[in-house]
Amino acid sequence: MTGLLAVDGAGVMVEDAQGDLRFLAASDDHIGEIEQLQVETGEGPCVTAHATGQAVTIDDLTAVDWLPRFAPRALDHGMHAVYSFPMRVDDTKVGALNLYRFEPGRFADDVEHAAQLLADLGTSYILSVDAAQRTTRLASQLQHALDSRVVIEQAKGKLSGEWSVTTSEAFERMRRYARNHQRRLHDVATDIVDGRMHARQLTADESGQPAGDALP
Numbered sequence: 309m310t311g312l313l314a315v316d317g318a319g320v321m322v323e324d325a326q327g328d329l330r331f332l333a334a335s336d337d338h339i340g341e342i343e344q345l346q347v348e349t350g351e352g353p354c355v356t357a358h359a360t361g362q363a364v365t366i367d368d369l370t371a372v373d374w375l376p377r378f379a380p381r382a383l384d385h386g387m388h389a390v391y392s393f394p395m396r397v398d399d400t401k402v403g404a405l406n407l408y409r410f411e412p413g414r415f416a417d418d419v420e421h422a423a424q425l426l427a428d429l430g431t432s433y434i435l436s437v438d439a440a441q442r443t444t445r446l447a448s449q450l451q452h453a454l455d456s457r458v459v460i461e462q463a464k465g466k467l468s469g470e471w472s473v474t475t476s477e478a479f480e481r482m483r484r485y486a487r488n489h490q491r492r493l494h495d496v497a498t499d500i501v502d503g504r505m506h507a508r509q510l511t512a513d514e515s516g517q518p519a520g521d522a523l524p
C-alpha cells in the first residue's frame, strides 16, 4: 500500500463495541506508535475523519494549531504530513485509514481518490467479516437453544410417562424443582434424560421428604 500511494507509512484504526477508536494495524511498529498517539491523546486526523466522515489532509504538521497534543508528538516521531480517510457506509462508522509522510506536501488528487477507494474496500471487508462472525454467533446460539429445547421435551415425555400426567404438568413440576434448587432447567432435564435423576426424586422434593443421594 505504501508504495502504491507514495507514502512512508499507513495504519488503520477501527471503532470498537463501545464506539471508541482502537488501533488495528500498521505498516510497521513506528507507524503503530503514531497511531497509538491518537488513541492516547484523543485527537488527530484519524479521530476527526472518523467523527465527521470527511477526509482530513494535513500537508504540514508544523503549521497545525488545532492538534496541540498530537501534532508535537507526531513531529517528534519524524512525521510531517498525515492524511486520514473515513471508513464508513452511510451512517455505519467503521474507522479510518491513515497515511503518513516524513516530508511535508500534499497529495495529488488522483492519489487521494485511490486512498479513499482503498478505505472503502477495507470498510467492505471489515463489515463482511463482522457480519460473518455475527451470523456464526447467532447460529451457535440458535443451535444451543434448539438442543436445550429437545432435551427439555425429552425430559417432559419421560416424567409424563412415569407420573401418568400431561406433559404440561410434567414441565411445571420440573421447572418448579429447578427454581427451588436454583438450577438451570436444561441441567435438570439433562439429568433426567441421562438417568442421573428420577421422577421419584422430584416427587419426594415436592412432599418435603429427603430426595435421596441419587441427586447429582
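Here this note's numbering is used: position 200 in the sequence shown is 508, and no number is missing along the way. Glycine residues also receive a C-beta, built at the ideal position from the N, C-alpha and C atoms.
Boundaries of the beta strand (DSSP E) harbouring Glu323: 317-323, taken from the DSSP string.
Per DSSP, reduced to three states, the secondary structure at Arg484 is helical. The C-alpha of Thr400 lies about 16 Å from the C-alpha of Thr356.
Here DSSP, grouped into helix, strand and coil, assigns Val496 to helix. Here Val473 carries a coil assignment [DSSP, helix/strand/coil].
For Ser468, same chain residues with a beta-carbon under 8 Å away, outside a window of 5 residues either side, are Thr474, Thr475, Glu477, Ala478 in chain order.
Tyr485 and Ala325 have their C-alpha atoms spaced approximately 39 Å apart.
Here Gly327 is exposed. Its C-beta has fewer than 16 other C-beta atoms within 10 Å.
Note on Val437: under 16 other CB atoms within 10 angstroms of its CB, so exposed under the neighbour-count rule.
Relative to Leu369, the option among His388, Pro376, Asp384 whose CA is nearest is His388. Contact between Val320 and Leu332 holds: CB atoms are separated by about 5 Å, below the 8 Å threshold.
When secondary structure is reduced to three states using DSSP, Phe393 falls in the strand class. With respect to Gly350, Arg396 sits apart: the two C-beta atoms are not nearer than 8 Å. Rounded to the nearest whole angstrom, the C-alpha separation of Ala314 and Leu407 is 10 Å. Here the C-alpha atom of Asp499 lies approximately 48 Å from the C-alpha atom of Gly403.
Residues of the same chain with a CB within less than 6 Å of the CB of Arg381, apart from the 5 flanking positions on each side, are Leu345 in chain order.
In this structure, the CA atom of Thr365 is about 18 Å from the CA atom of His385. Annotation for Leu383: the continuous alpha helix (DSSP H) segment containing it runs 378-384.
Looking at the DSSP output, Tyr408 shares a beta bridge with Gly317, Val390.
If you look at Leu345, you'll find it in the alpha helix (DSSP H) that goes 337-349. The continuous stretches of beta strand (DSSP E) do not include Thr356, which lies in the alpha helix (DSSP H) extending over residues 353-360. When rounded, the separation of the alpha-carbon atoms in Asp455 and Tyr433 is 33 Å. Each residue's CA atom was taken as its position, placing Ala379 and Asp418 some 26 Å apart.
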